[in-house]
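Shown next, in structure tokens, is the structure this report addresses.
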Amino acid sequence: MAESLDTPLETTRRPRWLWQRSNEQSDGFGRFAEATARFMGSPKFILYMTIFVVTWIVLNVVLVQYARKYAWDAYPFILLNLAFSTQASYSAPLILLAQNRQDDRDRVTAEQDRQRAHRNLEDTEFLTREIASLRLAMNDVATRDFVRSELRDVLSEILAEERRTREEIAELERAEEDAPQAR
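Per my numbering, the very first residue in the sequence shown carries number 1; after that it's consecutive.
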């Protein structure tokens with residue numbers, strides 16, 4: 001009850017089908033309108049209409065010449081004009097409905113494209129920040145030249161230590177050689 005307090009009360013009750021269309025009905029009619037508009041814009045439709053009009057005119061002209069009582073639409077072709085008018089009065093709204101549906105689809109596609117572009121921009125900005133932080137971190141990381149120079153220094157220290165150790169060993173060996181003689 002509380003959630004319906006902010007909605008106005010309908011004073012006249014109308015059947016639901018008058019004021020609320022189901023999505024299935026409007027979608028089905030929309031698909032019909034699009035199919036009709038698509039067919040009316042095809043070369044096949046122009047060919048069919050041309051054959052129909054030529055047949056209509058030829059039959060009525062021939063029937064007027066040879067069997068006047070069987071001609072259903074004599075020279076001013078009023079029935080043919082009425083058929084054209086009826087076709088135009090139905091095709092224009094169907095074409096407009098098909099265009100409106102296409103506009104709706106284009107609007108949804110444009111919104112999805114905008115969202116995708118926004119996500120791509122956010123991803124690009126994130127990756128840019130990550131690359132910048134990696135570059136900053138790389139300044140703290142030892143480079144190849146730095147590591148090589150450090151290894152050279154360590155190697156020279158090891159070689160110097162080895163030289164000293166050999167010298168000490170050589171002195172000890174000399175001292176041992178001299179020591180047995182002293183005994």
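Every residue gets a Cβ at the ideal spot worked out from N, C-alpha and C, and that includes glycine. Keep in mind it's a predicted model, so treat the numbers as computed, not measured.
- DSSP, read as helix, strand or coil, puts Pro76 in coil.
- Within the segment 143–181, complete alpha helix (DSSP H) segments of at least 4 residues are not found at all.
- Residues Ala37 of the same chain have their beta carbon placed closer than 6 Å to that of Ile95, with the five preceding and five following residues left out of the count.
- In the displayed model, Val141 falls within coil according to three-state DSSP, outside both helix and strand.
- For Phe45, same chain residues with a beta-carbon under 8 Å away, outside a window of 5 residues either side, are Phe39 in chain order.
- The C-alpha of Val62 is placed about 11 Å away from the C-alpha of Trp72.
- Collapsing the DSSP output to three states places Ala67 in coil.
- Between Ala33 and Ala98 a beta carbon distance of about 5 Å is seen, short of the 8 Å cut, so the two are scored as contacting.
- Assigned with DSSP and collapsed to three states, Gly41 falls in coil, not helix or strand.
- Here the C-alpha atom of Arg166 lies approximately 16 Å from the C-alpha atom of Glu177.
- Distance from Ile57 to Phe77 at the Cβ level is roughly 7 Å; contact confirmed, criterion being Cβ atoms closer than 8 Å.
- Between Arg107 and Gly30, the C-beta gap is not smaller than 8 Å, which leaves the two residues out of contact.
- Counting of Cβ neighbours within 10 angstroms places Asn81 among the exposed residues, the total staying below 16.
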